[in-house]
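Novice:
Number of protein chains: 2
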Amino acid sequence: MSVGDLDATFAALADPTRRAILRRLREGEATVTELAEPFAMTQPAISKHLKVLERAGLISRGRDGRRRPCRLRADALRDANDWLEGYRSLWEDRYRSLDGLLDELKERNGPDE
Amino acid sequence: MSVGDLDATFAALADPTRRAILRRLREGEATVTELAEPFAMTQPAISKHLKVLERAGLISRGRDGRRRPCRLRADALRDANDWLEGYRSLWEDRYRSLDGLLDELKERNGPDE
DNA sequence: CCTATACATAACCAATCATTAATATAACCA
DNA sequence: TGGTTATATTAATGATTGGTTATGTATAGG
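These protein sequences, in sequence, are chains A and B.
So the number in the numbering used here is just where the residue sits in the first sequence, counting from 1, plus 280.
So the number in the numbering used here is just where the residue sits in the second sequence, counting from 1, plus 280.
In structure tokens:
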């Protein structure tokens with residue numbers, strides 16, 4: 281995982297349309313027009329969002345005649361999750377004390393970027 | 281957690297300078313000049329990044345004389361993590377099969393945004 | 001007081017981004 | 001062949017971003 285990948289991944293996730301697309305793709309593959317249907321937005325706009333998601337590694341696209349079915353990819357999401365793991369101690373009750381936090385930091389030195 | 285909050289949080293995380301600032305703040309509070317020191321960047325640039333992080337709820341700022349010490353806030357990071365949790369089955373081995381994935385989706389309907 | 005320090009704000013610039021409308025490409029169907 | 005459907009590409013436009021310099025505002029300390 282490179283730094284640039286995290287940049288692209290978080291940037292891609294920072295848009296409600298794109299998150300809605302990902303949520304739809306959790307239910308399985310979908311074509312561009314299927315993905316565009318729920319939105320008050322033109323098809324080219326959706327195609328651009330899909331390109332952003334693809335470049336961020338969040339989706340991949342197949343080929344089925346004239347359709348380009350999209351499906352979710354795990355890797356980028358896991359990378360984002362791994363980055364956040366380095367901060368988990370902040371919000372978990374069992375690490376709320378300063379001692380717990382310091383121990384955590386000493387024990388596994390967290391992601392370095 | 282509102283949708284707009286997630287927008288701001290992911291957008292704030294999509295910058296390597298800001299992620300480096302958060303990483304530094306894991307070790308404890310720091311002032312603006314302390315945070316600016318490692319970067320080849322002017323102090324106003326760092327102040328802007330800090331404002332982005334503050335508006336995203338990722339840091340908060342105190343007052344100590346003329347210093348404005350920054351510290352990490354847990355909430356926004358936890359919200360981002362919670363959102364990602366809805367996709368965990370994608371990258372976890374024990375859910376790699378289609379059956380496992382479908383069962384997961386049926387069982388707990390994941391975050392709705 | 002005076003001056004230096006810590007930080008914020010304003011004005012500005014270049015680059016990137018989101019969106020649309022218009023057009024192109026390519027596959028399916030009659 | 002021709003017409004329609006699915007999707008991509010291009011060009012134009014307006015907003016946002018990340019950085020700069022210059023300046024302002026408290027506060028600390030001699």
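Think of the CB as a built atom: it goes at the ideal place given N, C-alpha and C, for glycine as much as any other residue.
Only a predicted model underlies this, so the values are computations on that prediction, with no experimental measurement involved.
DSSP puts B:Leu352 in a beta bridge; with which residues?
Specialist: By 1-based counting over the second sequence, the position of residue 352 of chain B is 72. Beta-bridge pairing links B:Leu352 to B:Ile339.
Novice: Nearest to B:Ala336 by CA position, among B:Ala354, B:Phe319, B:Met321, is which residue?
Specialist: For this step, residue 336 of chain B is matched to residue 56 along the second sequence. If we check each option's Cα against that of B:Ala336, B:Ala354 comes out closest.
Novice: Which value, in whole angstroms, describes the spacing of the CA atoms of A:Asp359 and B:Thr322?
Specialist: The residue labelled residue 359 of chain A in the question sits at position 79 within the first sequence. The residue labelled residue 322 of chain B in the question sits at position 42 within the second sequence. So the alpha carbons of these two residues sit roughly 30 Å apart.
Novice: Can you confirm whether A:Asp287, when its beta carbon is compared against all beta carbons of chain B, has any partner nearer than 9 Å?
Specialist: Locating residue 287 of chain A in the first sequence gives position 7, where the first residue counts as 1. Chain B, which has a Cβ nearer than 9 Å to the Cβ of A:Asp287, makes this yes.
Novice: How should A:Ser327 be labelled, buried or exposed, when 16 other C-beta atoms within 10 angstroms of its C-beta is the threshold for buried?
Specialist: In the first sequence, the residue the question calls residue 327 of chain A occupies position 47. Flag for A:Ser327 reads exposed.
Novice: So, helix, strand or coil for A:Leu370, using DSSP?
Specialist: The residue you call residue 370 of chain A lines up with position 90 of the first sequence. A:Leu370: helix per DSSP, three-state reduction.
Novice: Is the shortest distance between the beta-carbon of B:Leu333 and the beta-carbons of chain A less than 9 Å?
Specialist: Your numbering for residue 333 of chain B matches position 53 in the second sequence. Answer no: the Cβ-Cβ gap between B:Leu333 and chain A never drops below 9 Å.
Novice: Anything in chain A within Cβ reach of B:Pro349, meaning under 8 Å, just list it in chain order.
Specialist: As a position in the second sequence, residue 349 of chain B is number 69, starting the count at 1. In chain order: nothing, as chain A lies at least about 16 Å away.
Novice: Who are the near neighbours of A:Asp392 in its chain, counting only those whose CB is closer than 7 Å to its CB and skipping five residues on each side?
Specialist: As a first step, residue 392 of chain A must be located in the first sequence, where it is residue number 112. With a pLDDT of 49 at A:Asp392, under the threshold of 50, the modelled position of this residue cannot be trusted, and the question is left open.
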